[in-house]
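Input: a single structure, listed below in structure tokens.
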């Protein structure tokens with residue numbers, strides 16, 4: 257055993273003031289007696305009057321000295337020499353990918369890996385430091401060049417495994433950065449070997465591999481997808497046997513929690529089988545596929561990939577009705593915009609039109625206005641007199657045109673656009689002017705009485721706007737504002753850690769996203785789309801849109817593993833880094849395992865005992881009483 | 015007044031006992047083991063030349079033609095010496111349990127018995143290795159009031175040097191008699207050794223060893239600095255239940271050893287606590303121990 261801080265042993269000298277203070281503290285009450293003769297004889301026999309005898313019998317002082325000894329021993333950092341994997345400047349890469357959740361025996365691979373890193377920390381000789389990197393979906397530096405073992409242990413204790421794939425490229429970049437500038441760095445990879453077979457860059461310094469895990473027993477759902485067809489949607493599932501034995505599994509399909517059907521599949525080693533399921537109900541919802549042991553036992557070592565989800569949304573293209581006396585530019589534009597289902601109603605020369613009774617998501621009024629349109633969003637072009645805003649005389653002053661920056665004018669270049677004449681409109685209070693000319697607004701948009709309304713105050717045919725690039729951009733922005741598309745695409749499932757773009761529909765005051773584990777996150781939608789990347793968990797997420805009137809609609813999206821490199825959990829004998837195959841490393845350096853925790857724990861226990869004893873009197877060591885002698889009073 | 019008339023009447027019924035009767039200077043109320051000239055016949059012995067012819071039994075001589083001397087029991091007085099330890103350690107205790115007051119009453123009681131029996135009573139106060147006060151010899155009940163006056167005027171003080179005081183007492187020529195030492199014996203001396211010269215001259219001795227209750231079982235605990243009221247000596251002690259038990263054991267063994275030594279030297283020994291009423295001690299305990307009858 258050695259002491260890493262032997263100078264701390266000088267603190268034992270603190271025992272002297274403790275004893276002195278204690279002896280000074282021994283106040284004796286003077287008491288008159290008729291004679292001290294018998295006492296003197298008695299104490300001479302017992303030597304009980306000797307100070308050291310008194311000290312020996314005093315429990316508090318004894319405890320205090322023991323506490324001091326224990327704490328000084330801890331401060332001196334006793335250590336024993338042990339063989340370790342690495343020392344010096346160590347960079348630890350702790351695999352936290354989904355495959356590390358596999359359970360070999362009675363604990364997960366991640367726990368085993370964490371134990372290995374803990375041993376690495378414990379055995380670090382004095383003067384060594386460690387950079388600890390958790391390699392998950394997004395690698396994270398838990399501790400940077402830290403030589404304090406307590407800090408390293410605390411960082412390690414906070415590490416958790418992920419349910420996604422590990423980004424080893426990014427982790428190696430971090431490791432290379434940590435190794436930069438330090439001489440003789442050692443990178444220790446603690447993993448089950450699920451690294452990419454190629455493409456990882458070489459690392460500076462020495463690289464060592466500490467493997468964890470020993471089972472290959474895993475069967476996974478490697479694909480689950482829904483495809484809309486003319487009739488009911490089709491569901492495709494693929495199951496792969498990554499073990500080295502023939503396996504039979506039960507593949508079950510659910511809509512929500514309702515079992516749809518189940519199949520028994522026989523899989524040879526490394527075989528994968530696909531299955532297409534039609535005749536589905538066709539309802540929007542969350543479909544689930546799950547594999548299980550037909551006999552009800554444990555299926556495999558990794559359960560994360562035994563369940564997969566797919567979300568089906570019935571088509572909901574936006575219906576747009578063009579009311580015009582005839583405008584080829586607008587017809588072609590609406591026909592070319594994605595997600596738009598255009599309809600057309602021709603007005604007569606007087607401007608009157610027969611509007612279909614069925615509702616549309618958007619009405620495009622080109623030079624006309626229909627009083628019967630009391631609901632639905634409006635895009636008004638060359639507007640005539642109407643009750644929504646005041647239309648004045650036409651104007652031609654276009655010497656300076658200003659485009660106000662907004663999401664609706666994003667990427668709109670108005671520099672080459674010429675407008676011959678526009679209607680003079682006083683912009684209403686509820687609208688924002690997007691393009692402003694000398695004589696009045698050219699484009700404005702806003703929301704009133706629960707309707708979104710946009711207006712272009714000139715006839716497209718009296719400008720060269722339809723011939724410019726800004727035309728489809730401006731009208732796409734306006735139409736997407738007036739009739740937002742589907743909030744997000746749920747047809748394709750995400751990988752863990754992936755991001756989802758959500759376009760909030762109009763009239764939404766809050767979006768609440770609930771993860772598979774039930775954790776909810778709320779967002780207040782602003783202008784533009786919302787990017788959600790809290791997809792670390794496998795399963796399906798509910799996206800709740802809470803409207804201004806309090807009503808709630810929910811959409812779903814799924815996050816699945818679908819990663820053969822994670823599902824294939826067989827331990828690898830070695831990993832390839834750069835052009836080198838790294839084989840498992842035996843402990844070949846001498847480290848120091850510190851033992852200060854033990855005397856510190858003993859000191860703490862003694863401190864508690866001393867505290868307890870100091871509140872009780874008398875403070876004497878227990879003594880054996882002679883048989884038959886009277887009890888002390 | 016150290017005690018009342020009732021107690022005095024009870025005391026007058028008692029007599030101090032000395033197993034080896036010594037010739038008194040005057041006729042007393044007690045029979046001597048020596049044959050003498052009193053009226054009560056005791057025995058005969060052969061005549062030897064020089065015998066008082068008045069004591070020759072002529073009737074026997076006429077019958078047997080051999081001269082026999084008649085022997086009579088002689089009644090004589092007893093010399094009683096009461097020695098009281100007057101050291102400062104005797105100035106201890108509260109109220110009726112005060113050791114010196116208790117000892118004075120004991121002296122007075124024994125003195126009253128002696129005076130009522132016609133014995134020659136002497137008293138000495140032992141202090142600081144000497145004899146600081148005393149009286150006697152006195153005889154007769156007429157001396158009671160004088161004895162009380164002297165006793166009531168005594169005060170404890172000085173140190174305990176028993177053997178030195180006993181030596182001083184012994185060097186003064188005195189009649190052999192009954193020596194009663196009343197003391198707490200809180201001295202390094204062995205009093206039975208100090209009494210040895212008196213014993214050698216034919217006296218008989220008894221030690222009345224008195225201790226207060228708190229000397230037998232001290233009501234103390236904790237970290238203490240004991241101060242000796244007699245010598246001023248200090249002794250630190252951390253007194254707990256175990257040490258108290260050891261102290262009690264020590265006191266018991268001390269009393270046991272002292273009793274053994276006294277028995278070995280032919281000295282009577284009675285140990286008692288001042289918690290016990292003194293008249294009960296005299297009327298019961300001392301009678302039971304054979305000092306009184």
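Residue numbers (the working numbering), protein chains in the order written: chain A, 257 to 889; chain B, 15 to 307. Ideal Cβ placement from N, Cα and C applies to all residues, glycine included. All figures in this text were calculated on a predicted structure; none of them were measured in a lab.
Specify the secondary structure class of residue 368 of chain A as computed by DSSP and reduced to three states. By 1-based counting over the first chain, the position of residue 368 of chain A is 112. Here residue 368 of chain A sits in helix by DSSP.
Just the chain B side, please: which residues come within less than 7 Å of residue 292 of chain A by C-beta, in chain order? Residue numbering aside, residue 292 of chain A sits at position 36 when the first chain is read from its first letter. Here the neighbours are 240, 242, 247, 249.
By alpha-carbon positions, which one of B/31, B/23, B/17, B/22 ends up nearest to residue 301 of chain B? As a working mapping, residue 301 of chain B is identified with position 287 in the second chain. Answer by Cα proximity: B/31.
Please determine, among B/133, B/98, B/116, the residue with the shortest C-alpha to C-alpha distance to residue 28 of chain B. The count along the second chain starts at 1 and reaches residue 28 of chain B at position 14. If we check each option's Cα against that of residue 28 of chain B, B/133 comes out closest.
Name the two residues that bound the continuous alpha helix (DSSP H) containing residue 265 of chain B. Here residue 265 of chain B refers to the residue found at position 251 of the second chain. It spans 255-278 - the alpha helix (DSSP H) in which residue 265 of chain B sits, taken as one unbroken run.
Taking the alpha-carbon of residue 206 of chain B as reference, which of B/23, B/282, B/77 has the nearest alpha-carbon? The count along the second chain starts at 1 and reaches residue 206 of chain B at position 192. Taking only the C-alpha atoms, the option nearest residue 206 of chain B is B/282.
What are the partner residues of residue 218 of chain B, as DSSP defines its beta bridges? If you number the second chain from 1, residue 218 of chain B lands on position 204. Answer is B/192, bridged to residue 218 of chain B.
Once you ignore the five residues that flank residue 913 of chain A on each side, which residues in its own chain have a CB closer than 6 Å to its CB? No answer is possible for residue 913 of chain A: the residues shown for chain A start at 257 and end at 889.
Contiguous beta strand (DSSP E) assignments of at least 3 residues, all confined to the region 345-401 of chain A: 345-351, 385-391
Simplified DSSP assignment, three categories, for residue 181 of chain B: If you number the second chain from 1, residue 181 of chain B lands on position 167. If DSSP states are grouped into helix, strand and coil, residue 181 of chain B belongs with the helices.
Local conformation of residue 127 of chain B per DSSP, three classes: If you number the second chain from 1, residue 127 of chain B lands on position 113. Looking at residue 127 of chain B - three-state DSSP - the assignment turns out to be helix.
Using 8 Å as the cut-off, can you tell me whether the region 184-196 of chain B makes contact with the region 160-167 of chain B, which would need three or more C-beta pairs spanning the two stretches below that distance? no
For residue 299 of chain B, which of helix, strand or coil comes out of DSSP? On the second chain, position 285 is the one that residue 299 of chain B refers to. Looking at residue 299 of chain B - three-state DSSP - the assignment turns out to be helix.
Starting from residue 161 of chain B and walking both ways along the alpha helix (DSSP H), at which residues does that stretch end? For the purposes of this step, residue 161 of chain B is identified with residue 147 of the second chain, where counting begins at 1. Start and end: 158-166.
If you count every other CB in all the chains shown that lies within 10 Å of the CB of residue 39 of chain B, and 16 or more means buried, which is it? Your numbering for residue 39 of chain B matches position 25 in the second chain. Model confidence at residue 39 of chain B stands at a pLDDT of 47, short of 50, so the residue's coordinates are unreliable and nothing is read from them.
Please tell me whether residue 202 of chain B has its Cβ less than 8 Å away from any Cβ of chain A. The sequence position of residue 202 of chain B within the second chain is 188, counting from 1. By this cut-off, residue 202 of chain B is an interface position.
DSSP state of residue 737 of chain A, grouped into three classes? For the purposes of this step, residue 737 of chain A is taken as the residue at position 481 of the first chain. If DSSP states are grouped into helix, strand and coil, residue 737 of chain A belongs with the helices.
Can you check which of these residues, A/387, A/324, A/599, is closest to residue 615 of chain A by C-alpha distance? Within the first chain, residue 615 of chain A is the residue found at index 359, counting from 1. Minimum Cα distance to residue 615 of chain A is reached at A/599.
List, in order along the chain, the chain B residues whose C-beta lies closer than 7 Å to that of residue 288 of chain A? Indexing the first chain from 1 puts residue 288 of chain A at position 32. In chain order: 241, 243.
Beta strand (DSSP E) segments (min. 3 residues) lying fully within the region 426-463 of chain A: 442-447
Between the alpha carbons of residue 254 of chain B and residue 338 of chain A, how many angstroms are there, rounded? To locate residue 254 of chain B, count along the second chain from 1; it is residue 240. To locate residue 338 of chain A, count along the first chain from 1; it is residue 82. Roughly 51 Å separates the two Cα atoms.
Starting from residue 287 of chain A, trace the beta strand (DSSP E) in both directions and tell me its first and last residue. Along the first chain, one-based indexing puts residue 287 of chain A at 31. Unbroken beta strand (DSSP E) run through residue 287 of chain A: 285-289.
Inside the region 676-759 of chain A only - beta strand (DSSP E) runs reaching at least 3 residues: 678-682, 687-693, 696-704, 707-712, 756-758
Who does residue 580 of chain A pair with in a DSSP beta bridge? Walking along the first chain from the start, residue 580 of chain A turns up at place 324. When beta bridges are read from the DSSP output, residue 580 of chain A appears opposite A/602, A/622.
Any C-beta of chain A sitting closer than 8 Å to the C-beta of residue 270 of chain B? What you label residue 270 of chain B is simply residue 256 of the second chain in a count that begins at 1. Answer no: the Cβ-Cβ gap between residue 270 of chain B and chain A never drops below 8 Å.
Under a three-way DSSP split, which group does residue 661 of chain A fall into? On the first chain, residue 661 of chain A is found 405 positions in, with the first residue counted as 1. Of the three classes helix, strand and coil, the one that applies to residue 661 of chain A here is coil, per DSSP.
Could you tell me whether the Cβ atoms of residue 263 of chain B and residue 291 of chain A are closer together than 8 Å? As a first step, residue 263 of chain B is located in the second chain; it is residue number 249 there, counting from the start. As a first step, residue 291 of chain A is located in the first chain; it is residue number 35 there, counting from the start. Cβ distance not < 8 Å, so residue 263 of chain B and residue 291 of chain A don't count as in contact.
Is there at least one Cβ from chain B nearer than 8 Å to residue 266 of chain A's Cβ? Sequence index remark: in the first chain, residue 266 of chain A carries index 10 (1-based). No, its Cβ sits nowhere closer than 8 Å to a Cβ of chain B.
Is the Cβ-Cβ distance between residue 518 of chain A and residue 497 of chain A less than 8 Å? Locating residue 518 of chain A in the first chain gives position 262, counting from the first residue. Locating residue 497 of chain A in the first chain gives position 241, counting from the first residue. No. Outside cutoff.
Name the chain E residues whose beta carbon is nearer than 9 Å to that of residue 100 of chain B? The structure shown contains no chain E; its protein chains are A and B.
Three or more C-beta pairs below 8 Å linking the region 795-814 of chain A and the region 754-768 of chain A: yes
Cross-strand partners of residue 836 of chain A (DSSP beta bridge): Here the question's residue 836 of chain A lines up with position 580 in the first chain. Note: residue 836 of chain A sits in a beta bridge opposite A/833.
Neighbourhood of residue 494 of chain A by C-beta, 8 Å cutoff - its chain only, sequence neighbours within 5 removed: For the purposes of this step, residue 494 of chain A is identified with residue 238 of the first chain, where counting begins at 1. Within the same chain, residue 494 of chain A has close Cβ partners 477, 478, 479, 480, 528, 529, 530, 531.
Per-residue burial, residue 395 of chain A [other beta carbons within 10 Å of its own, 16 or more giving buried]: Within the first chain, residue 395 of chain A is the residue found at index 139, counting from 1. The residue is buried, with at least 16 neighbouring Cβ atoms inside 10 Å.
Evaluate residue 278 of chain B with the Cβ neighbour count: other Cβ atoms within 10 Å of its Cβ, from every protein chain shown; 16 or more gives buried, anything less gives exposed. Position 264 of the second chain, counting from 1, holds the residue named residue 278 of chain B. Under this definition residue 278 of chain B is an exposed residue.
Determine the DSSP secondary structure at residue 170 of chain B, reduced to helix, strand or coil. For the purposes of this step, residue 170 of chain B is identified with residue 156 of the second chain, where counting begins at 1. Reduced to three states, the DSSP call for residue 170 of chain B is coil.
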